[in-house]
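With this note's numbering as the guide, the letters of the sequence shown map in order to residues 2 to 833.
Some notes on the structure that comes next.
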Amino acid sequence: MKSPALNRQLQSIFGDEGEARLFQGLERLEAREPELVSGLRRLIHGADAACAQYAFIQQALAELGGDVLSEWNLRSGRIESGRQWKTLLGYPLDALEDSVAAWQGLLHGDDVALVRAAIAAHVRGERSSLDVECRMRTREGAWCWLQVRGKISARDEQGNALRLLLLHRNITVRRATETALVAAKEAAEAANRARGAFLANMSHEIRTPLNGVIGMTELALDTDLDSEQRHYLKTVKSSAESLLALLNDILDFSKIEAGKLQFETISFSPAAVLQEAARTVAVSAHRKGLELVVGVGRDVPSRVVGDPTRLRQVFLNLLGNGIKFTERGEVEARVELERLAEASVVLRCSVRDTGIGIAPERQAEVFEAFSQGDSSTTRRFGGTGLGLAICARLVQLMDGRMDLESQAGQGSTFTFTARMGREEAAVPAAGQGQSFSGLRALLQEPNDTAAGALGDCLQGLGVAVSRVRGAEEAAQALVRARELDYPFAFLFAQGDAGLVPQWLQQRPPEKLVLLLKHEQAREGLDALQAAGLGACLLKPVVAEDVQEVLSLLQGSSGFDLAPIDLQTQVLQETKRLEVLLVEDNPVNQELARRLLERRGHRVTLANHGGEALELFEQQRFDVIFMDMQMPVMGGLEATEAIRAKELRRSWVVSGDYHQVPIVAMTANAMAGDQARCLEAGMNDYLTKPLRLDELDRVLEGLQDCGGAGFPEPGGGNGAVLDLEAAEQDLGDRELLRQMGRMLLEEWPTHLAGLNDALQGRKGRDLCRHAHTLKSLVAIFHGDRARRAAQALEQTCQNEAAVDWSEALRLSQELQLALEEMKPELERFSGAS
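Following this line, the structure appears as structure tokens:
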């Protein structure tokens, strides 16, 4: 009566005892109802075949590493069907009990709690199904990864779970593949980090001697040299600068390839970015006799949100290439509005030149690394071919694309798009809200492109424009207009125009605006000013300049043009200076403000470079004291922006206009910091803590402080605090006490910021906190803490290559030194 296959299935369902009672009952029934039992035999035979087939399938799936279905009796704790989970793990069917306990006994110790929690959550109804990955021990003692998925198949009237169906799947191969991929990813990331650290270290090692070569060469060029020596030194300086540019390109390219290039998201003016880029390369263009033209579409938003530095980098590279590969003619750069969406702005930018051009079959190659349109261009013009590859990738990162239209010998036009965010409250663009309608201007400009750009600017301000090419045409047009009693209000004329000196002697009704290139700047302007010159505009001319010069000549400018005589202001003790103090730390703010105010000066505070720019636009200052490291905008960036604005104004206005002296304030006292300050346009340099004699030296010598020496950092004697020396530096014991109380109030904030940056591995933040603490403890001559903070700052200066174990050690050393000085500082300041 029994069959092996059916027997196994009956045992899995009823158990051994239940199976025996079943077959005993069938034997007693056969004696009374043979036909019924005969039918049951046929049924059993069919069931036997089905069970055998089911067992074969389960066995095959287990052997092939496939799925195995089992049913658990949660009340009895038995696994009532689907024994092939044992085969899946390499065990014979009779090697283990068919129980949940035996099944769980094979789980990896680290996975037991996970599996039990997953089952319990499903049983309680917190999860619709069970899905967990776990390790189970095989017969050979290895660990096999299984994906176990299940669902409750029966519950009693009270809702208690009775049966659970489980599907087992062998995922060992998949997990091994995932582990290998994770290991490969970690190895790749480690390699990228190692490469980044190597590049950062090499960058530092190469830049240090390069800065020395460039800086010392510039110093040597300022001495008395014969022509041959000067030629040699200029060649050395040019070669060093080329090597530095190459280093910058390689670092940028490596960052892009490694996905480490970071983009800022700040508000900026697209027109200003284009104008600054054009002015940077204008000298090179004008030296070659080229016309450099910029244009901004009238519908371009006044401000957008994005990374102005990267956009400027693309413009600078394309403009530089255009100038390098153009022998005669012009280079034009434009910004237009491509598309305006609800949350974004797509700008269409272009740079066109009249240079050597690129053959169509070579155009795709110019965007590849270390490639140029023709190998001969490398020998003729120099360069590595990295610039366009970097630009193309930067444009891609700005969600845009770059295109090229060119023919050999017919010039090139590079066009790219860039997606920026919209600024909700944009500042009106230059010229908006002010109209000069009804006024007429005569424009004498031989270059069609330049004339079109300047004409657009004037017409946008409501000025009617008539254009002529040469000086004689201009003279004739002026005469005809006067004869008709309808003279021009303005004459925009070239700086080399022959009519200007004679025309000025006639004291004409028109107001002259002289259009100058860099090499014409300031040459012979004194005589022209004496003869009645209205104003000058330095090419390339932009809308903001035009609007300002018209306002100036019409007497409606809001900018005070009275010349500044700083020397007189400083040397007269009764004269009070208007000082802009740019500092983000409250303690340093208070200290500098008090020192300056005690000398009779009026101080305006700015918390970062961005605020300094806004205040600089609103009022005039006699001197700016600028901290170097600040959030939002640092000292170097703010100084460059201020100098750019002053450059524009210095050519717009007539008469003598002096730059505002800018004095750097920093806890660093390295030669490289001095070079960066001077290159950015700063006039002098003060180390923190501020010392009275050095501060007085700066205030007394503002007009001639550009070549002043830089103090070396004090070595200190290693004491916890030297309050006597600090009091001598400050000259006021009570003020020093107040500084101490302020520092103690901020003590927890500084330590929390230090620890948060360390735990979050935020190198830039850690460097900033260390820099701030260095300058603060230096006020009190806390040399141990100052040296530890300085070492920590230097360790974290390159965020991509921070040695975090060393940073942790230095941070602990700094905090220990701070704890040593705190009690003494509390006693001195009366805060204990």
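C-beta: ideal position from N, C-alpha, C; glycine also.
Continuous beta strand (DSSP E) stretch holding residue i: start and end
{"i": "residue 333", "result": "331-341"}
{"i": "residue 367", "result": "Unbroken run through residue 367: none, as it is neither H nor E."}
{"i": "residue 296", "result": "292-297"}
{"i": "residue 68", "result": "68-74"}
{"i": "residue 108", "result": "Looking at the DSSP string, residue 108 is not in any beta strand (DSSP E), and its letter there is neither H nor E."}
{"i": "residue 359", "result": "It is not in any beta strand (DSSP E) - residue 359 carries neither H nor E in the DSSP assignment."}
{"i": "residue 1", "result": "Residue 1 lies beyond the residue range present for the chain, which begins at 2 and ends at 833; the question has no answer from this structure."}
{"i": "residue 516", "result": "512-517"}
{"i": "residue 683", "result": "Looking at the DSSP string, residue 683 is not in any beta strand (DSSP E), and its letter there is neither H nor E."}
{"i": "residue 579", "result": "579-583"}
{"i": "residue 606", "result": "603-607"}
{"i": "residue 404", "result": "403-407"}
{"i": "residue 660", "result": "Careful: residue 660 lies outside any beta strand (DSSP E) and carries neither H nor E."}
{"i": "residue 495", "result": "491-495"}
Residue i, enclosing alpha helix (DSSP H) - first and last residue
{"i": "residue 621", "result": "It is not in any alpha helix (DSSP H) - residue 621 carries neither H nor E in the DSSP assignment."}
{"i": "residue 90", "result": "Here residue 90 belongs to no alpha helix (DSSP H), and DSSP marks it neither H nor E."}
{"i": "residue 757", "result": "748-760"}
{"i": "residue 457", "result": "449-461"}
{"i": "residue 552", "result": "544-555"}
{"i": "residue 397", "result": "388-398"}
{"i": "residue 121", "result": "113-124"}
Sheet register partners of residue i (DSSP bridge)
{"i": "residue 269", "result": "305"}
{"i": "residue 144", "result": "138"}
{"i": "residue 469", "result": "445"}
{"i": "residue 80", "result": "73"}
{"i": "residue 100", "result": "79"}
{"i": "residue 421", "result": "346"}
{"i": "residue 151", "result": "131 and 167"}
{"i": "residue 536", "result": "514"}
{"i": "residue 628", "result": "666"}
Beta-carbon proximity list for residue i, same chain, < 8 Å, skipping 5 on both sides
{"i": "residue 594", "result": "582, 604 and 606"}
With 16 other Cβ atoms within 10 Å as the buried cut-off, status of residue i
{"i": "residue 235", "result": "exposed"}
{"i": "residue 628", "result": "buried"}
{"i": "residue 541", "result": "buried"}
{"i": "residue 796", "result": "buried"}
{"i": "residue 182", "result": "exposed"}
{"i": "residue 322", "result": "buried"}
{"i": "residue 734", "result": "exposed"}
{"i": "residue 485", "result": "exposed"}
{"i": "residue 812", "result": "buried"}
{"i": "residue 233", "result": "exposed"}
{"i": "residue 710", "result": "Note that residue 710 scores a pLDDT of 33, beneath 50, so its modelled location is shaky and nothing firm can be said."}
{"i": "residue 619", "result": "exposed"}
{"i": "residue 633", "result": "exposed"}
{"i": "residue 290", "result": "exposed"}
{"i": "residue 462", "result": "buried"}
{"i": "residue 186", "result": "exposed"}
{"i": "residue 230", "result": "exposed"}
{"i": "residue 760", "result": "exposed"}
{"i": "residue 716", "result": "Any reading at residue 716 must be qualified, since the residue scores a pLDDT of 44, below 50, and its modelled position is unreliable; no value is offered."}
{"i": "residue 341", "result": "exposed"}
{"i": "residue 817", "result": "exposed"}
{"i": "residue 573", "result": "Bear in mind that a pLDDT of 39 at residue 573, under 50, signals an unreliable position, so the model cannot answer this."}
{"i": "residue 496", "result": "buried"}
Neighbourhood of residue i by C-beta distance below 6 Å, restricted to the same chain and skipping five residues each side
{"i": "residue 835", "result": "It is not possible to answer for residue 835, since the shown part of the chain is limited to 2 through 833."}
{"i": "residue 783", "result": "722 and 822"}
{"i": "residue 826", "result": "741"}
{"i": "residue 241", "result": "211, 214 and 215"}
{"i": "residue 729", "result": "none"}
{"i": "residue 404", "result": "416"}
{"i": "residue 274", "result": "309, 312 and 313"}
{"i": "residue 515", "result": "496 and 537"}
{"i": "residue 172", "result": "146 and 148"}
Cutoff 7 Å; reference residue i; Cβ partners in own chain excluding five residues on either side
{"i": "residue 270", "result": "303 and 304"}
{"i": "residue 286", "result": "293, 324 and 332"}
{"i": "residue 264", "result": "308, 311 and 398"}
{"i": "residue 155", "result": "163 and 164"}
Interface flag, residue i vs chain D, CB-CB below 8 Å
{"i": "residue 126", "result": "The structure shown contains no chain D, having only a single protein chain."}
Q) Curious, which full-length alpha helix (DSSP H) runs of at least 4 residues does the region 765-808 contain? A) Assignment of alpha helix (DSSP H) within the region 765-808, counting only whole runs of 4 or more residues, yields 784-796 in chain order.
Q | Any beta strand (DSSP E) of 3 or more consecutive residues that is wholly inside the region 156-202 | A | Counting only unbroken stretches of 3 or more residues, the beta strand (DSSP E) elements lying wholly within the region 156-202 are 162-171, in sequence order.
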